[in-house]
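Numbering (our numbering), first residue to last: 27 to 542.
Note that CB positions come from ideal geometry on N, CA and C, so glycine has one too.
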Ligand code: MSP
């Protein structure tokens, strides 16, 4: 058994969770569940990023102390994880003392090693936005955009981390670890970024400007700024868990790959004498109906409300089926409903219903033994069995390569083939015959359908955990402890009593929640 440590990004609590946050949790959950099925000891971390200017401002706007604000909003993120059946083992908040301690220990370690220095920083500062501006923020005519209000040039002392001196090490590290970033083409993007000289990283803010942060252990007049606080969460969570660091995967969105995760983080760890994570998985972004998600324009999907309306597994299925990991995707209600109806309700749902109905109608609800070996049946059964073997082998390797959308396509192609097999055998006709040959073929047919359904279901628990559970339950099946054994065509279901009916994917009744 191998340890497998996987994390999501930690979400800013200055707003409520949206579909992008939900997707990242579900994607990571699919990987975590898959690794568990494969026998790994998984530690799955998610959580929230609670410090910084924006949170301080949002709390102020709501008229509550920042800690209270964080307590409230972080609860929404936790509730989303519970709602979406996310199997995280831990939920970290950066305001927890366990985290503050680790951040301060690492900062002190770096300071003692001479990796952090104090310097003056001169730049243009927007008081309204409370941020330093860069040349690229200017209008083409050189003026500053309205949103920045009054802009003045100020000088401020701050602490800097010696990032630059690790540039060559990182380039070498990336060259010798070609799989550091998935998808691979994103690794090239990191190397491109590193082709320019790095600047040392400003890691502090004076406390009179930003109160809501972790004070530097060597100068309490400053707090540590953003990434030095946030990234460390991954390490905090396993600092007392031998055998889990380095992380196997940090799952993040493409926007926070370069520079924070692919440059700052490995260098911070290297400077501390800690191993860098093994890999980063950068997913793409969801848009909604072709436009960027935005609360202010109403172009927004509330994941919890959506899951309430259509079912948690339907949402999980759609996100994983629709998005190719690494690419961007569009979330449209029409596409969701098309998949819901065609793939979930009419294909999988239909197979479940037919299996139950026919077993009840023709075999008193008890799944018969297949009589294929005794000659009842022919190529139709054998073809389905061969297709199963190919489907299973493909799906496992697609899962290993994070090609979950194709893995689901293959799984559902097997469901389609099973439905086609039913049409071919037409058990409703066999059931009318009193011929012994037909009766034997009917028994083989019922056994074959039930077994094919059990097997297709065995490929689903990572993506649709509760659907898989429900189908197994109506088949009277309790999966064994070794998942790979579950994936073998056999006779596990012989003699099992099936349920009368199952409603897995009811027709959606309520009107759409998605606004345009
Ligand atoms: N707090 C930082 C991450 C620190 S990790 C040490 C942050 N937070 S965030 O709330 O802005 O984003 C959290 C995650 O959600 C990121 O991985 C981000 O890419 C992802 N998404 C935010 N919007 C998204 C979409 N529209 N689509 C898919 N994921 C996106 O960044």
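Contact test: residue i Cβ vs the ligand MSP heavy atom, cutoff 7 Å
i: residue 36; result: yes
i: residue 560; result: This structure cannot speak to residue 560, because the chain is shown only from 27 to 542.
i: residue 282; result: yes
i: residue 251; result: no
i: residue 528; result: no
i: residue 328; result: no
i: residue 49; result: yes
i: residue 294; result: no
i: residue 278; result: yes
i: residue 521; result: no
i: residue 319; result: yes
i: residue 509; result: no
i: residue 312; result: yes
i: residue 273; result: no
i: residue 87; result: no
i: residue 256; result: yes
i: residue 75; result: yes
i: residue 352; result: no
i: residue 386; result: no
i: residue 324; result: no
i: residue 383; result: no
i: residue 259; result: yes
Euclidean distance between Cα positions of residue i and residue j
i: residue 135; j: residue 122; result: 20 Å
i: residue 34; j: residue 76; result: 15 Å
i: residue 220; j: residue 227; result: 14 Å
i: residue 538; j: residue 513; result: Caution is warranted here: a pLDDT of 48 is assigned to residue 538, below 50, making its placement in the model unreliable, and the coordinate value is therefore given only provisionally. Whole-angstrom Cα-Cα distance: 38 Å.
i: residue 451; j: residue 374; result: 18 Å
i: residue 542; j: residue 177; result: At residue 542, the pLDDT of 37 sits below 50, so the modelled position is not reliable and the matter cannot be decided from this model.
i: residue 386; j: residue 528; result: 13 Å
i: residue 32; j: residue 118; result: 13 Å
i: residue 275; j: residue 39; result: 23 Å
i: residue 454; j: residue 426; result: 41 Å
i: residue 392; j: residue 499; result: 14 Å
i: residue 525; j: residue 52; result: 30 Å
i: residue 415; j: residue 517; result: 15 Å
i: residue 544; j: residue 321; result: The chain is shown from 27 up to 542; residue 544 falls before or after that span and cannot be answered.
i: residue 292; j: residue 197; result: 11 Å
i: residue 522; j: residue 495; result: 16 Å
i: residue 446; j: residue 70; result: 39 Å
i: residue 540; j: residue 212; result: Confidence at residue 540 is low in this model, with a pLDDT of 44, below 50, so the placement of that residue is unreliable and no value is reported for it.
i: residue 480; j: residue 501; result: 8 Å
i: residue 421; j: residue 304; result: 24 Å
i: residue 484; j: residue 280; result: 31 Å
i: residue 313; j: residue 278; result: 16 Å
Beta-carbon separation (whole angstroms), residue i vs residue j, contact threshold 8 Å
i: residue 478; j: residue 444; result: 4 Å
i: residue 431; j: residue 347; result: 6 Å
i: residue 64; j: residue 515; result: Contact doesn't hold; Cβ gap of about 20 Å is too wide.
i: residue 358; j: residue 315; result: 5 Å
i: residue 456; j: residue 464; result: 5 Å
i: residue 370; j: residue 331; result: That belief does not hold up - the Cβ atoms of residue 370 and residue 331 are roughly 19 Å apart, past 8 Å.
i: residue 232; j: residue 247; result: 6 Å
Neighbourhood of residue i by C-beta distance below 8 Å, restricted to the same chain and skipping five residues each side
i: residue 139; result: 297
i: residue 47; result: 37, 103, 106, 329
i: residue 154; result: 173, 174, 175, 176
Backbone secondary structure at residue i - three-state DSSP
i: residue 540; result: With a pLDDT of 44 at residue 540, under the threshold of 50, the modelled position of this residue cannot be trusted, and the question is left open.
i: residue 344; result: helix
i: residue 46; result: helix
i: residue 491; result: helix
i: residue 55; result: helix
i: residue 157; result: strand
i: residue 121; result: coil
i: residue 251; result: coil
Own chain partners of residue i with C-beta closer than 6 Å, once the 5 adjacent residues on each side are dropped
i: residue 158; result: 149, 151
i: residue 572; result: An answer regarding residue 572 cannot be provided, because it is not within the stretch 27 to 542 covered by the chain.
i: residue 137; result: 244
i: residue 30; result: 61, 66, 68, 274
Minimum Cβ-Cβ distance from residue i to chain B less than 8 Å
i: residue 48; result: You won't find chain B in this structure, because it holds only one protein chain.
Contacts around residue i, its chain only, beta-carbon distance under 7 Å, and the 5 residues preceding and following it disregarded
i: residue 255; result: 77, 120, 129, 239, 240
i: residue 62; result: 68
i: residue 265; result: 128
i: residue 286; result: 253, 257
i: residue 407; result: 398, 470, 474
i: residue 284; result: 215, 216, 219
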